[in-house]
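Working notes for the structure below.
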């Protein structure tokens, strides 16, 4: 069973990328770095999906010479799913970056925990 | 303030005016509670209002400025202390999240070890749905590119959702980042003149002037050939958007706005979505299977083939190109 890990090296790389992204989101305090971590997780999912669609020795799913034989082409569905994923990733990244800009404008720091402490030091209520 | 005399109210008004004006002058002298010589002993109790003295106010402001300036250093000290202290929650959090991350990786690796081999032809993902798309896609949608046939015919409703997600993201970013301009008058913006002027490097300008038309042309080619070759509205739109961003980056805002700006982008995106919805409504009203549709599928492999896929690709391309450009433009406007 463990031998499978060496054959499925694309999926293993996707898992490692996913864990890097997850730990970046959990351990970094900087909001921009958290967004970068989210993007790394997105990329790992795309890699995983693209790897699942591949079939060795077959052509890309563009019909050649009217040959509509399913055993000649790779799976077209993961490509469509990756497309959806990329679009959502771009939208979420843009949205969270703009929220981060407004956050920085308000608190003058990108540090998530630091904001609370800064307001305590200033003697203001944490809102 | 109902307990105050007329005089007291005037004093409070003076003081609040002073605070609002934020002037350097010394504040008016105020005594609270106001002295009432003959009202003593009548059971008339005023609540004592504490108004910070000038020096304490200044102290507070200075403290605030000091905190804003030296925040990074102080914060580093606090974090250093938290890391050195073995019983701090910070350490426990880091430990717990590392262990949690390791557990998730372990579970995922066990899953990967049990998956079918990479590139194996009998993987369960290649089921009857994928086979159907490949075997009858050409006949039913008229698109040589199976992926385009899938996302713009069989799953066109899903692609409409994607375009709406892009549109919503752009609208939200406009809402969040254009507030700065809304608060100013028009004259203020012209006085500030925060227009991005472009870079000064001559080689970059020459190279971009030569390549810019070809980048746009290549993007248009990819959009229009979406049903015949790899690509389509999303990738072609991204190329066109990147070309527009390059133009803005090198030649500056003034030149770039001759082609396109955020307002035009908004209108183009809404128009693209509207055309998409109109075309797809027609397709759904005629049965969503192309049998009763009056749009010919055309000869497979020619440019005008694939029925609705050709115009839908153009709509998606317009939406994506406008999204890429307007997001870039909004973020640079904010930072300049």
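Protein chains in written order, with the working numbering: chain Y, 6 to 132; chain Z, 6 to 341.
The C-beta atom is built at its ideal place from N, Cα and C for all residues, glycine as well.
Predicted model, so just to flag it, every value in this text is computed and none were measured.
Could you give the DSSP three-state label for residue i: helix, strand or coil?
{"i": "residue 9/Y", "result": "helix"}
{"i": "residue 66/Z", "result": "helix"}
{"i": "residue 60/Y", "result": "strand"}
{"i": "residue 132/Z", "result": "coil"}
{"i": "residue 82/Z", "result": "helix"}
{"i": "residue 67/Y", "result": "strand"}
{"i": "residue 333/Z", "result": "helix"}
{"i": "residue 223/Z", "result": "helix"}
{"i": "residue 147/Z", "result": "coil"}
{"i": "residue 303/Z", "result": "coil"}
{"i": "residue 258/Z", "result": "helix"}
{"i": "residue 124/Z", "result": "strand"}
{"i": "residue 35/Y", "result": "strand"}
{"i": "residue 47/Y", "result": "helix"}
{"i": "residue 78/Y", "result": "strand"}
{"i": "residue 350/Z", "result": "The displayed coordinates of chain Z run from 6 to 341. Any statement about residue 350/Z would go beyond what the structure contains."}
With 9 angstroms as the threshold, decide whether the Cβ of residue i is near any Cβ in chain Z.
{"i": "residue 38/Y", "result": "no"}
{"i": "residue 50/Y", "result": "no"}
{"i": "residue 35/Y", "result": "no"}
{"i": "residue 46/Y", "result": "no"}
{"i": "residue 4/Y", "result": "In the structure displayed, chain Y extends from 6 to 132; residue 4/Y sits before or after that span and is not available."}
{"i": "residue 68/Y", "result": "yes"}
{"i": "residue 55/Y", "result": "no"}
{"i": "residue 60/Y", "result": "yes"}
{"i": "residue 43/Y", "result": "no"}
For residue i, would you say it is in contact with chain Y, using Cβ-to-Cβ distances shorter than 9 angstroms as the test?
{"i": "residue 61/Z", "result": "no"}
{"i": "residue 93/Z", "result": "no"}
{"i": "residue 48/Z", "result": "Note that residue 48/Z has pLDDT 47, beneath the 50 cutoff, so the model's placement of it is unreliable and the number below is only indicative. No, residue 48/Z lies away from the interface with chain Y (no Cβ there is under 9 angstroms from its Cβ)."}
{"i": "residue 97/Z", "result": "no"}
{"i": "residue 182/Z", "result": "yes"}
{"i": "residue 319/Z", "result": "no"}
{"i": "residue 297/Z", "result": "no"}
{"i": "residue 119/Z", "result": "yes"}
{"i": "residue 300/Z", "result": "no"}
{"i": "residue 102/Z", "result": "yes"}
{"i": "residue 213/Z", "result": "no"}
{"i": "residue 291/Z", "result": "no"}
{"i": "residue 282/Z", "result": "no"}
{"i": "residue 138/Z", "result": "yes"}
{"i": "residue 106/Z", "result": "yes"}
{"i": "residue 174/Z", "result": "yes"}
{"i": "residue 122/Z", "result": "yes"}
{"i": "residue 171/Z", "result": "yes"}
{"i": "residue 286/Z", "result": "no"}
Given residue i, which residues of its chain have a CB within under 8 angstroms of its CB, disregarding the five upstream and five downstream residues?
{"i": "residue 46/Z", "result": "Note that residue 46/Z scores a pLDDT of 48, beneath 50, so its modelled location is shaky; the value from the coordinates is reported in the next line. Excluding positions up to five away in sequence, the list is empty."}
{"i": "residue 190/Z", "result": "With a pLDDT of only 49 at residue 190/Z, under 50, the local geometry of the prediction cannot be trusted, and the value read off the model is given with reservation. Nothing listed; no residue qualifies."}
{"i": "residue 58/Y", "result": "79, 80, 81, 82, 83 and 84"}
Starting from the C-beta of residue i, find all residues in its chain whose C-beta is less than 6 angstroms away, skip the five residues before and the five after it, and write them out in chain order.
{"i": "residue 155/Z", "result": "138"}
{"i": "residue 246/Z", "result": "326, 329 and 330"}
{"i": "residue 56/Y", "result": "15 and 16"}
Which same chain residues end up closer than 7 angstroms to residue i when comparing Cβ atoms and leaving out the 5 residues on each side of it in sequence?
{"i": "residue 81/Z", "result": "none"}
{"i": "residue 304/Z", "result": "310"}
{"i": "residue 300/Z", "result": "312 and 313"}
{"i": "residue 171/Z", "result": "324, 325 and 328"}
{"i": "residue 18/Y", "result": "52"}
Can you determine whether any heavy atom of the ligand NAP sits closer than 8 angstroms to the C-beta of residue i, and answer yes or no?
{"i": "residue 84/Y", "result": "This structure lacks the ligand NAP; in fact it carries no ligand of any kind."}
Exercise for review: With 8 angstroms as the limit, tell me which residues of the stretch 140 to 163 of chain Z have their beta carbon closer than that to any beta carbon of chain Y; keep them in chain order.
Suggested key: For chain Y, the residues of the stretch 140 to 163 of chain Z that bring a beta carbon within less than 8 angstroms of one of its beta carbons are 140, 141, 142, 143, 144, 149, 150, 151, 152, 155, 156, 160 and 163, in chain order.
Check your understanding: the stretch 87 to 104 of chain Y: which residues have C-beta closer than 8 angstroms to a C-beta of chain Z, in chain order?
Key -> Here the close residues are 88, 89, 91, 92, 93, 95, 96, 97, 99, 100, 102, 103 and 104.
Exercise for review: Check whether the stretch 239 to 255 of chain Z touches the stretch 323 to 335 of chain Z, taking contact to mean three or more Cβ pairs, one atom from each stretch, closer than 8 angstroms.
Suggested key: Segments in contact, yes.
Point to revise | Against chain Y: residues of the stretch 303 to 316 of chain Z by CB proximity under 8 angstroms | key: Answer set for the stretch 303 to 316 of chain Z: 305.
Practice item. Determine which residues of the stretch 125 to 136 of chain Z have a Cβ less than 8 angstroms from any Cβ of chain Y, and write them out in chain order. Key: The residues in question are 125, 126, 128, 130, 131, 134, 135 and 136.
Check your understanding: Mind listing which residues of the stretch 324 to 337 of chain Z have their C-beta closer than 9 angstroms to chain Y's C-betas, in chain order?
Key -> Correct list: 325, 328, 329, 332, 335 and 336.
Review point. Using Cβ-Cβ distances below 7 angstroms, what residues of the stretch 242 to 273 of chain Z are close to chain Y?
Key: Per Cβ criterion, the list is empty.
Practice item. Would you check if the stretch 262 to 277 of chain Z and the stretch 170 to 182 of chain Z touch, i.e. whether three or more CB-CB distances between them fall below 8 angstroms? Key: Yes: the two stretches touch, three or more of their Cβ pairs being nearer than 8 angstroms.
**Study point:** Positions along the stretch 105 to 121 of chain Y whose CB lies within less than 8 angstroms of some CB in chain Z
**Key:** Interface annotation for the stretch 105 to 121 of chain Y against chain Z: 106, 107, 113, 114, 116 and 119, criterion Cβ-Cβ distance under 8 angstroms.
Practice item. Output, in sequence order along the chain, the residues in the stretch 216 to 237 of chain Z whose CB is closer than 9 angstroms to any CB in chain Y. Key: So the list reads 233, 234, 235 and 237, given in the order they occur along the chain.
Point to revise | Cβ pair count under 8 angstroms reaching 3, the stretch 297 to 315 of chain Z against the stretch 222 to 232 of chain Z | key: Result yes; three or more Cβ-Cβ pairs closer than 8 angstroms.
Point to revise | Residues in the stretch 71 to 82 of chain Y having any Cβ partner in chain Z nearer than 9 angstroms | key: Those would be 71, 73, 74, 75, 76, 77, 78, 79, 80, 81 and 82, in chain order.
Practice item. Count the CB pairs spanning the stretch 278 to 298 of chain Z and the stretch 208 to 218 of chain Z that are closer than 8 angstroms, and state whether there are at least three. Key: Contact between the stretch 278 to 298 of chain Z and the stretch 208 to 218 of chain Z is absent, because fewer than three Cβ pairs lie under 8 angstroms.
Review point. Touching or not, the stretch 33 to 48 of chain Y and the stretch 97 to 104 of chain Y, by the rule of three or more beta carbon pairs under 8 angstroms?
Key: Contact holds: three or more Cβ-Cβ distances are below 8 angstroms.
Exercise for review: State whether the stretch 108 to 128 of chain Z contacts the stretch 40 to 49 of chain Y, with contact taken as three or more CB pairs (one from each stretch) at a distance under 8 angstroms.
Suggested key: They do not touch, by the three-pair rule.
Review point. Taking one C-beta from the stretch 59 to 67 of chain Y and one from the stretch 76 to 91 of chain Y each time, how about it: are there three or more such pairs within less than 8 angstroms?
Key: Touching, yes.
Review point. Counting pairs of Cβ atoms below 8 angstroms between the stretch 80 to 95 of chain Y and the stretch 104 to 116 of chain Y, do you hit three or more?
Key: Verdict: no, contact absent.
**Study point:** Any 3 or more C-beta pairs closer than 8 angstroms across the stretch 92 to 100 of chain Z and the stretch 12 to 29 of chain Y
**Key:** Too few Cβ pairs lie closer than 8 angstroms, so no.
Check your understanding: Using a Cβ cut-off of 9 angstroms, which residues of the stretch 10 to 23 of chain Y contact any Cβ in chain Z, in chain order?
Key -> 10, 12, 13, 14, 15, 16, 17, 19, 20, 21 and 23: these are the residues of the stretch 10 to 23 of chain Y whose beta carbon lies less than 9 angstroms from some beta carbon of chain Z, given in chain order.
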